[in-house]
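Visitor: In this text, residue positions in the sequence shown follow our numbering: the first is 7, and each later residue adds one.
All C-beta atoms in this analysis are idealised placements derived from N, C-alpha and C, irrespective of residue type, glycine included.
Below: one structure in structure tokens.
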Amino acid sequence: MATIKQFQVTFDCAEPERVARFWCEVLGYVAPPPEGFATWDAFHGSLPSEEQGSWSACVDPSGAGPRLYFQRVPEGKTVKNRVHLDVRAGIGLVGEERLATLEAECARLVALGATRVRLLPADEDNESCIVMQDVEGNEFCLD
7 MATIKQFQVT
17 FDCAEPERVA
27 RFWCEVLGYV
37 APPPEGFATW
47 DAFHGSLPSE
57 EQGSWSACVD
67 PSGAGPRLYF
77 QRVPEGKTVK
87 NRVHLDVRAG
97 IGLVGEERLA
107 TLEAECARLV
117 ALGATRVRLL
127 PADEDNESCI
137 VMQDVEGNEF
147 CLD
């Protein structure tokens, strides 16, 4: 049996390039154009008009994180995500120090177009995290 060594996370969205740019800024990823093209514009220009802008992708420049793929779909988001990303900004931090770090990162992400949904305060089992939405309303946790 083969062992899976890589995976990508796929987002259904209305504006793939816009959502990809957002996640590049959040995670420090890059969005190189598809192989054989110097720019995304050159790639899109090679496609029929109905396919232009239909997808985008970004990658971790270190190669450690998964590829993110964004595909245009006709329907909008209607319910809560069944899968979401946890953006790990507060690893190893607890209490007020963790909360201050999460709040600072939340402010940065809101400036990029994210929406703060709610703070989930620490309890006996978990540290605090902030539930957020990206530029198209996909939920993620600032953890």
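1. If the criterion is Cβ atoms closer than 8 Å, does the pair Ser-62 and Glu-23 meet it?
2. May I have the straight-line CA-CA distance separating Arg-114 from Leu-33, to the nearest angstrom?
3. Which one of Val-89, Phe-17, Val-137 has the shortest CA to CA distance from Gly-82?
4. Identify the continuous beta strand (DSSP E) that holds Val-25 and give its terminal residues.
5. How would you write the range of the beta strand (DSSP E) that Glu-145 sits in, first residue to last?
6. Buried or exposed: where does Arg-27 fall if 16 or more other Cβ atoms within 10 Å of its Cβ makes it buried?
7. To the nearest angstrom, how far is the alpha carbon of Val-85 from that of Val-123?
8. Between Pro-127, Leu-53, Asp-92, Thr-121, which has its C-alpha nearest Glu-102's C-alpha?
9. In the DSSP assignment, find the beta strand (DSSP E) that holds Gly-121 and state where it starts and stops.
10. Following a CB-centred definition, is Phe-43 positioned closer than 7 Å to any heavy atom of the ligand MN?
11. Can you tell which of Trp-29, Asn-144, Leu-148 has its C-alpha closest to the C-alpha of Ile-97?
12. For Ile-136, does the count of other Cβ atoms within 10 angstroms reach 16, so buried, or fall short, so exposed?
13. In the structure shown, what three-state DSSP assignment does Val-100 receive?
14. What residue does the beta strand (DSSP E) around Ala-48 start on, and which one ends it?
Guide: On the basis of the supplied data:
1. yes
2. 12 Å
3. Phe-17
4. No beta strand (DSSP E) holds Val-25; the alpha helix (DSSP H) holding it covers 22-33.
5. 145-148
6. buried
7. 14 Å
8. Pro-127
9. Rather than Gly, the amino acid found at residue 121 in this sequence is Thr. Per DSSP, Thr-121 belongs to the beta strand (DSSP E) from 121-126.
10. No copy of the ligand MN appears in this structure; indeed no ligand is present at all.
11. Leu-148
12. buried
13. coil
14. That residue, Ala-48, is in no beta strand (DSSP E); its alpha helix (DSSP H) goes 46-51.
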